[in-house]
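Trainee: Before we start, here is the structure in question, set down as structure tokens.
Chains as they are written, first to last, in the numbering used here: chain A, 41 to 761; chain B, 63 to 411.
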């Protein structure tokens with residue numbers, strides 16, 4: 041029994057002695073450093089110098105925090121909100137304090153100061169946690185807020201349980217304070233919630249590949265704010281490189297001014313990025329704020345002292361961008377800060393972020409509609425389903441027209457900004473869904489754009505393993521883990537002795553892809569094959585409504601439009617001096633993502649030119665023009681009005697179903713219907729000839745449905761000019 | 063191979079239905095000689111000497127031209143000799159001579175079945191059942207044909223009629239269970255399989271089917287038990303050994319699963335399925351290189367193993383061989399693995 045007791049005592053001593061030794065603070069008393077008089081004196085001096093700088097920096101930091109609290113009525117939600125306040129003094133404090141630390145690493149206050157300085161400049165750096173943990177061990181009461189900064193450091197390192205423990209200890213302290221600050225208590229409670237969110241979300245990580253876009257895109261300088269076209273063929277982003285326009289640095293952070301860079305893909309590989317011309321990049325900050333899905337409009341953020349950060353729009357004209365135009369007062373404000381922009385798939389709505397006072401708190405997402413004059417109308421807050429009392433940022437509207445990606449410090453973030461997704465159902469935004477870990481982490485995750493297919497996303501990160509500072513990365517969503525497929529066999533039927541393979545397909549993968557169709561192509565002159573700038577009108581045939589008008593590029597003739605699938609669309613390509621070209625697309629929604637290539641060769645207006653009017657529809661077996669033909673007929677009327685000397689023949693054709701006589705009569709009636717319609721709209725009858733060709737001039741086979749559909753057509757031919 | 067197995071099963075059934083031996087008193091009378099020839103023919107048929115049987119039956123009918131049983135049995139011999147025309151001609155003669163013999167219709171049905179003429183089989187079975195509604199084999203085969211046409215609901219009705227006629231008809235109970243299983247009535251199928259093995263506990267393949275139905279019903283320990291029972295009866299029953307591995311896999315006992323699949327390969331080194339199943343284990347263990355190698359081996363052994371293409375696609379995706387994974391999934395889809403379509407849609411664009 042006695043022996044047992046002795047063993048227990050020995051074990052107890054072994055257990056407590058090391059921690060006692062480790063946690064023992066060594067004060068700056070020369071008796072604690074026998075035989076090191078000179079070293080002590082020097083280290084002590086360095087400590088005083090460092091402490092002086094630290095105190096000045098800390099004063100600035102605390103002043104900033106107070107001002108922030110007073111302006112925003114909340115505590116800063118992410119460490120970036122402190123904008124490294126006091127950083128100059130903190131930088132000056134670092135070297136002397138490190139010298140002192142090398143001499144006496146067991147000073148609780150010194151560790152607190154070093155931990156705090158590291159927190160402000162780089163909280164994820166292991167030095168931050170090392171010093172704050174040492175301070176906590178050596179002198180837990182060194183400062184009232186030690187638990188708070190230590191908790192936040194644990195939080196940023198995804199040490200959720202340790203963070204919650206320390207936040208709760210700090211909460212106890214705050215609630216016992218004579219003058220407890222409700223905003224501080226709310227802040228700590230929110231951070232505890234964030235840790236719980238982080239714990240939950242990181243327990244079931246999303247399966248993704250994360251790839252650095254490589255040296256043609258990234259360098260040792262910061263690259264961030266990516267924007268991509270819907271077909272992922274072009275990427276534009278912000279970088280702060282030594283080849284910045286003007287070659288100057290921002291004194292605030294000693295980094296080069298921001299400029300906009302572009303890269304395109306060749307054979308699936310990103311080509312070396314190029315700096316945009318001086319039309320876009322100035323000697324000051326020029327940052328990417330958004331890009332239209334077709335890559336023809338770029339939105340720039342510029343922070344001029346006169347406007348407090350505003351948005352500009354530039355349009356690709358030929359091979360170069362036009363000088364950016366300051367966006368109108370419905371978007372930009374003088375007093376407030378406007379940044380990211382995203383256009384809806386049809387370019388009729390513009391989403392942007394502003395911290396203007398009318399919001400629900402911090403920065404919010406707003407939307408404005410294109411008015412009949414082609415100007416952006418009054419902006420509207422998109423409401424509390426998306427916007428919270430905390431800040432939202434980085435809005436991105438997916439080309440599917442119903443999915444919004446955005447960043448928020450509210451909802452169920454796991455810390456700072458997290459990226460969320462919401463879907464528009466019956467005109468209402470659905471509950472935002474956190475994109476999960478590792479897409480989101482405890483730090484700020486913002487500016488995330490998604491490919492048209494929905495399978496890949498692009499974002500910037502300063503994660504280790506890159507080319508230096510922030511780099512641009514691609515995320516490939518893998519969906520839930522794919523379950524392997526086993527080979528098994530049974531002899532199900534007794535007599536047959538016939539092995540039956542049981543190929544059991546495992547659970548379906550959740551497809552993140554939205555149902556989107558990308559329509560792209562090149563407009564050329566039919567005779568010369570030269571690329572043409574032409575106006576392209578997109579019509580929702582079901583609603584008989586023009587939903588978008590855009591232009592092909594003047595130098596390449598290229599165009600791209602993203603369309604939600606599951607609808608019937610018509611497009612009309614027009615250019616002065618040319619016959620318009622129309623197409624009709626029925627885009628089934630059974631495929632998640634499809635790309636259609638449609639090159640259009642426009643014919644000049646000259647005698648003999650013929651064009652098929654693909655968007656004129658008749659009732660089945662009748663000559664009655666259907667209402668959805670109105671847009672096509674309007675285009676024809678416009679063409680005749682704009683070219684008053686031309687005379688045309690309207691020819692109607694059928695497929696080979698039915699008798700020759702019947703088809704001839706039907707086509708005759710249909711061509712007359714079109715001519716009558718035009719006469720009814722004021723076109724002189726003398727300019728119009730109706731002609732029914734029946735089935736005599738097929739342009740395709742009559743053996744297939746598709747061929748027959750092509751053969752059933754209305755054409756017009758210029759007979760005189 | 064499949065046709066051969068069908069023929070084997072058909073002869074088994076036809077033999078059961080062959081016409082009875084006739085009693086012979088003396089051999090002096092040509093008629094009596096004909097009857098002796100008939101008996102010799104039947105003996106040859108039972109000894110699987112089909113050509114000899116045909117000769118005896120032919121001698122018999124040359125004398126006894128209206129002896130329907132001889133025509134009927136010669137038809138059976140012709141089936142084995144794969145002479146469908148002669149077989150059908152003989153069974154038609156037998157029926158002409160004795161149009162109310164349900165067994166002749168049944169045999170005719172089985173001849174058609176052996177030669178893959180389903181409509182004629184059905185029509186003959188219907189004629190048989192018209193004469194004898196509770197003909198257990200005819201009901202059974204009706205159920206079988208409906209099963210093959212994926213009309214499981216109707217198949218169950220006929221299997222049930224066969225079982226009503228003979229409550230110990232184990233094969234009919236097994237097949238009814240299979241039809242219930244196809245209709246996802248796993249509880250009903252399990253009850254039938256258990257009933258079948260309670261009547262005849264030596265039917266290893268029924269234990270295997272029971273195991274697979276438990277597996278579909280996600281009752282993995284019971285599945286493992288049933289497969290083990292099949293293996294106790296027939297230790298070299300690789301199908302059950304492989305299936306037990308799959309049940310162990312589902313039960314998250316990858317070590318036991320691996321042991322089963324390895325055991326299959328030790329007995330059958332060219333078993334493509336077992337290689338693919340080991341690849342599945344490697345995928346679970348996130349050893350994608352090994353999974354790729356094993357599924358490649360499975361494909362080398364059987365280029366039509368869709369599951370192996372599917373699994374190799376997963377391994378290649380994780381190894382960042384993006385084009386390779388899409389090619390494999392497309393091949394898997396081509397081979398009937400419909401689940402691959404989802405992967406193609408989500409990855410290959």
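Backbone N, C-alpha and C define an ideal beta-carbon position, used for all residues, glycine too.
Under DSSP, the alpha helix (DSSP H) around residue 153/A begins and ends at which residues?
Mentor: 148-161
Trainee: Just reading off the beta strand (DSSP E) that residue 303/A is part of, what are its end residues?
Mentor: In the DSSP assignment, residue 303/A falls within the beta strand (DSSP E) that extends over 299-306.
Trainee: Verify whether the separation of the beta carbon atoms of residue 182/A and residue 155/A is less than 8 Å.
Mentor: no
Trainee: State buried or exposed for residue 660/A, treating a residue as buried only when at least 16 other CB atoms are found within 10 Å of its CB.
Mentor: exposed
Trainee: So, does the CB of residue 528/A fall closer than 8 Å to a CB anywhere in chain B?
Mentor: yes
Trainee: I believe residue 694/A touches residue 734/A by the beta-carbon criterion, under 8 Å. Please report the beta-carbon distance rounded to the nearest angstrom.
Mentor: 6 Å
Trainee: Along chain A, in chain order, which residues have C-beta atoms closer than 7 Å to that of residue 298/B?
Mentor: Near residue 298/B there are no residues of chain A at all, since even the closest Cβ is about 14 Å away, more than 7 Å.
Trainee: Name the DSSP beta bridge partners of residue 408/A, please?
Mentor: According to DSSP, residue 408/A shares a beta bridge with 390/A.
Trainee: Fully enclosed by the segment 222-261 of chain A, which beta strand (DSSP E) runs are 3 residues long or longer?
Mentor: Counting whole runs of 3 or more residues, the segment 222-261 of chain A contains the beta strand (DSSP E) stretches 248-252.
Trainee: How about residue 534/A: is its C-beta nearer than 8 Å to some C-beta of chain B?
Mentor: yes
Trainee: Measure from the C-beta of residue 64/A to each C-beta in chain B and report whether the shortest distance is under 8 Å.
Mentor: no
Trainee: If you draw a straight line from the alpha carbon of residue 398/B to that of residue 392/B, how long is it in whole angstroms?
Mentor: 10 Å
Trainee: Rounded to whole angstroms, what is the Cα-Cα separation between residue 250/A and residue 260/A?
Mentor: Pairing residue 250/A with residue 260/A, the inter-Cα distance amounts to about 19 Å.
Trainee: With H, G and I counted as helix, E and B as strand and the rest as coil, what does DSSP make of residue 550/A?
Mentor: With a pLDDT of 37 at residue 550/A, under the threshold of 50, the modelled position of that residue is not reliable, and the figure given next carries that caveat. If DSSP states are grouped into helix, strand and coil, residue 550/A belongs with coil.
Trainee: Using a beta-carbon distance cut-off of less than 8 Å, what residues from the segment 330-341 of chain B approach chain A?
Mentor: 334, 335, 336, 338, 339 and 341
Trainee: Look at the alpha carbon of residue 261/B and the alpha carbon of residue 228/B, and state the distance between them as a whole number of angstroms.
Mentor: 12 Å
Trainee: Is residue 495/A close to chain B, meaning its C-beta is less than 8 Å from at least one C-beta of that chain?
Mentor: yes
Trainee: If the criterion is Cβ atoms closer than 8 Å, does the pair residue 373/A and residue 393/A meet it?
Mentor: no
Trainee: Taking residue 574/A and residue 613/A to be in contact with their CB atoms under 8 Å, please state how far apart those CB atoms are, rounded to whole angstroms.
Mentor: 5 Å
Trainee: Please report the distance separating the alpha-carbon of residue 407/A from that of residue 586/A.
Mentor: 21 Å
Trainee: Less than 8 Å between CB atoms is the rule here; does residue 262/B satisfy it with respect to chain A?
Mentor: no
Trainee: Spatial neighbours of residue 145/A within its chain, please: CB distance less than 8 Å, with the 5 preceding and 5 following residues excluded, ordered by chain position.
Mentor: 151 and 174
Trainee: Does the segment 217-224 of chain B come close enough to the segment 187-205 of chain B to have 3 or more Cβ pairs within less than 8 Å?
Mentor: Touching, yes.
Trainee: Quick one: measure Cβ to Cβ for residue 399/A and residue 427/A, integer angstroms, because I've assumed they're closer than 8 Å.
Mentor: 7 Å
Trainee: Whose Cβ in chain B lies nearer than 8 Å to the Cβ of residue 519/A?
Mentor: 408
Trainee: Note down, in chain order, each residue of its chain lying with its Cβ closer than 8 Å to the Cβ of residue 496/A, except the 5 sequence neighbours on either side.
Mentor: If we look at residue 496/A and ignore the five residues flanking it on each side, its Cβ neighbours are 272, 490, 514, 515, 516 and 517.
Trainee: Which residues in the same chain as residue 343/A place their Cβ atom closer than 7 Å to its Cβ, once the five residues preceding and following it in sequence are excluded?
Mentor: 325 and 349
Trainee: Given that a residue counts as buried once 16 or more other Cβ atoms are within 10 Å of its Cβ, and exposed if not, what is residue 390/B?
Mentor: Its Cβ being crowded by 16 or more others within 10 Å, residue 390/B is buried.
Trainee: In chain order, what residues of the same chain lie with their CB nearer than 7 Å to the CB of residue 617/A, ignoring the 5 residues before and after it?
Mentor: Residues of the same chain with a CB within less than 7 Å of the CB of residue 617/A, apart from the 5 flanking positions on each side, are 644 and 645 in chain order.
Trainee: Are residue 133/A and residue 97/A close, meaning C-beta to C-beta below 8 Å?
Mentor: yes
Trainee: Relative to the C-alpha of residue 344/B, which candidate in 559/A, 446/A and 525/A has its C-alpha closest?
Mentor: 525/A
Trainee: Drop a sphere of 10 angstroms on the beta-carbon of residue 354/B, count the other beta-carbons inside from all chains shown, and report buried for 16 or more, exposed for fewer.
Mentor: buried
Trainee: When the cut-off is 8 Å and only beta carbons count, does residue 279/B lie next to chain A?
Mentor: no
Trainee: Quick one, which of 369/B, 147/B and 157/B has its alpha-carbon nearest residue 179/B's?
Mentor: Considering only alpha carbons, the answer is 147/B.
Trainee: In angstroms, rounded to a whole number, what distance separates the CA positions of residue 303/A and residue 608/A?
Mentor: 34 Å
Trainee: Would you mind giving the Cβ-Cβ distance between residue 254/B and residue 235/B, rounded to the nearest angstrom? I have them listed as a contact below 8 Å.
Mentor: 5 Å
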